[in-house]
């Protein structure tokens, strides 16, 4: 057990160091790029006084490390600054927009994992069948489409031509269908292929052969022995795909006028509302860092191979 | 043991023999690649797109920026095979010139991020120690961000344009190369021929240049082919989000975006650009898949 404890402590320390790096990058984006961010924010017609006032307000007239320390200590207290465009605390803006994004991203992730695992397992069990080729081909098809194009295509077919669903906005469960499908279908492809490979490998293991030789029912062997072990790497896959799913959900929000964090982020980038941009990026990256930690710790807890080593 | 000739020349020949057996990897990969039908299809698709990109001015009688106020939003016809857009421009012409923009941006992104990633990967893998720890820390940190969002923020600050798209995506996207090349270097570093090169007194610098680099290059070339779809999709997405290549430049991403307002009246604008992106990316994905299978025979079917 001591070995496992050491691994946990090491992993948590690494997470803290990575999280520190994440705050550095989000802080530095604004400062390392050419041009004066204050002048860009205020536009070409700003007066000298306005520029100086805003610079003082955001402490941009102070040395970089002082700025970082004051920014990070505010963030740790939950104060993300004030939006330039809305003149409202960023934390309030984020809180009001987080719900729709969680619903969209969560459902998309669910669809992706469920479809991906199902297709992957079936493809592995019926290897080289029509189903296997279909699974491979559809995965290739989805990952070759940019998310925004798939979204517009679905919108055109099901919203504008067939008029089955609303074409945008958040009008109940029906307006969730297309965004979630757009997000889920593209991400499913990334789960189906590793799942197939993992399942094939597990099916080749001696303990599966033993279980079959003992005369256990086929379905029982698949369910109780093979699937459970094949699912373990999917946890890591989930954490690995998370940044892409978040990125995809932002694009999908823009296509379907979904009023979540993603469309707030894109509009803030276009409006040069940097405090909002920084805060949303920071939150998303920290979420990914924590998800990676959770996946690694969970993996260590449930994988029997790691357990026996401890 | 004693009767073996351990002169400098002889050992050098032996090392070169070992080296050659390794660098023939690329020709082995190529012979496996040729047998893959989907990869061949991908190769043909990409060749056609490259052909269109190069000969765009010859293939169409129109200019991509020529507006025609009397022929706005015209459906496909003999004069305009894929119709016209909201400013009366010939859509097919813009699609052809769009192939140019897409391929140029894609290649530039890959060259830029590839150069950063491969260099840092070699440094990280070869020198190890503190340098390695720092570089891998930066990789971990950058990989915590959704690529497209960090690139969007950077491009948003730098302003629109082809070069800003390339810089933004390159600064964020190099981590995959660095990781792959680093792990490849670690394998090469521990191989017999590198050890032998040291034993005859070659310097660290010449070992990197003459033994490690040539053997890491096949990995790098294959990485570049595999990364093309990501580069194409990411740059199109930035155009769509409004921070990438902007109109009137005929990029596929901004054509889809612009056609979105005319989906009912003129669906051919968005759909044709979408189909062009999709087929091009599909072509590169077929190639990438073929390369991956050819590179790693254990993942092959059957």
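Chains as they are written, first to last, in the working numbering: chain A, 1 to 310; chain B, 1001 to 1302. Don't be surprised by glycine CBs; every beta carbon is placed ideally from N, CA and C. As the structure is a computational prediction, the values presented were derived from the model and not from experiment.
- Nearest in C-alpha terms to residue 182(A), of all of 208(A), 149(A), 199(A), 94(A), is 149(A).
- In the DSSP annotation of this structure, the continuous segment of the alpha helix (DSSP H) that includes residue 1037(B) starts and ends at 1037-1059.
- Think of a sphere of 9 Å around the beta carbon of residue 270(A): the chain B residues whose beta carbon falls inside it are 1156, 1241, 1242, 1243, in chain order.
- A buried status is given to residue 122(A), since no fewer than 16 other beta-carbon atoms sit within 10 Å of its beta-carbon.
- At least 8 Å separates the CB of residue 142(A) from every CB of chain B.
- By the neighbour-count criterion, in which 16 or more other beta carbons inside 10 Å mark a residue as buried, residue 174(A) falls on the exposed side.
- Interface flag for residue 1104(B) against chain A is unset, since no Cβ pair is found closer than 8 Å.
- For residue 100(A), the secondary structure class from DSSP, reduced to helix, strand or coil, is helix.
- The Cβ of residue 52(A) sits no closer than 8 Å to any Cβ of chain B.
- Excluding its 5 nearest sequence neighbours in each direction, residue 166(A) has C-beta neighbours in its own chain below 8 Å: 159, 174, 175, listed in chain order.
- Per the C-alpha coordinates, the member of 1275(B), 1241(B), 1108(B) positioned closest to residue 1227(B) is 1108(B).
- The Cβ atoms of residue 1050(B) and residue 1117(B) do not sit closer than 8 Å to each other.
- Contact between residue 1126(B) and residue 1189(B) holds: CB atoms are separated by about 7 Å, below the 8 Å threshold.
- Per the C-alpha coordinates, the member of 277(A), 254(A), 246(A) positioned closest to residue 291(A) is 246(A).
- Nearest CB-CB separation between residue 1150(B) and chain A: below the 8 Å threshold.
- In the DSSP annotation of this structure, the continuous segment of the alpha helix (DSSP H) that includes residue 1123(B) starts and ends at 1091-1127.
- In this structure, 1104(B) is the residue among 1220(B), 1104(B), 1274(B), 1221(B) with its C-alpha nearest to the C-alpha of residue 1231(B).
- For residue 1260(B), the nearest beta carbon of chain A is closer than 8 Å to its own beta carbon.
- Per DSSP, residue 237(A) is one residue of the alpha helix (DSSP H) stretching across 228-255.
- By the Cβ criterion, the segment 1084-1094 of chain B is in contact with the segment 1249-1266 of chain B, since at least three pairs of Cβ atoms, one from each stretch, lie closer than 8 Å.
- For residue 166(A), no Cβ of chain B is located within less than 8 Å of the residue's own Cβ.
- A direct Cα-to-Cα measurement between residue 298(A) and residue 233(A) gives close to 11 Å.
- Residues of the segment 1128-1145 of chain B whose Cβ lies closer than 8 Å to any Cβ of chain A, in chain order: 1137, 1138, 1140, 1141, 1142, 1143, 1144, 1145.
- In the three-state reduction of the DSSP assignment, residue 1214(B) falls in the helix class, which pools H, G and I.
- The C-alpha of residue 1044(B) lies about 15 Å from the C-alpha of residue 1054(B).
- Taken residue by residue, none of the segment 105-122 of chain A has a beta-carbon sitting less than 7 Å from a beta-carbon on chain B.
- For residue 1263(B), the closest Cβ of chain A is nearer than 8 Å.
- DSSP links residue 82(A) through a beta bridge to 89(A).
- Rounded to whole angstroms, the gap between the alpha carbons of residue 1075(B) and residue 113(A) is 41 Å.
- Counting only Cβ-Cβ distances below 8 Å, residue 1237(B) has contacts in chain A at 146, 147, 148, 251, in chain order.
- Residue 1156(B) and residue 1243(B) have their alpha carbons spaced roughly 6 Å apart.
- For residue 105(A), no pairing in a beta bridge is given by DSSP.
- Linking residue 19(A) to residue 132(A) through their CA atoms gives a straight-line distance of about 41 Å.
- Contacts with chain A at 8 Å (Cβ-Cβ) do not include residue 1227(B).
- Residue 1084(B) has 1090(B) as its beta-bridge partners, per DSSP.
- In the structure shown, residue 224(A) adopts helical secondary structure according to DSSP, grouped into three states.
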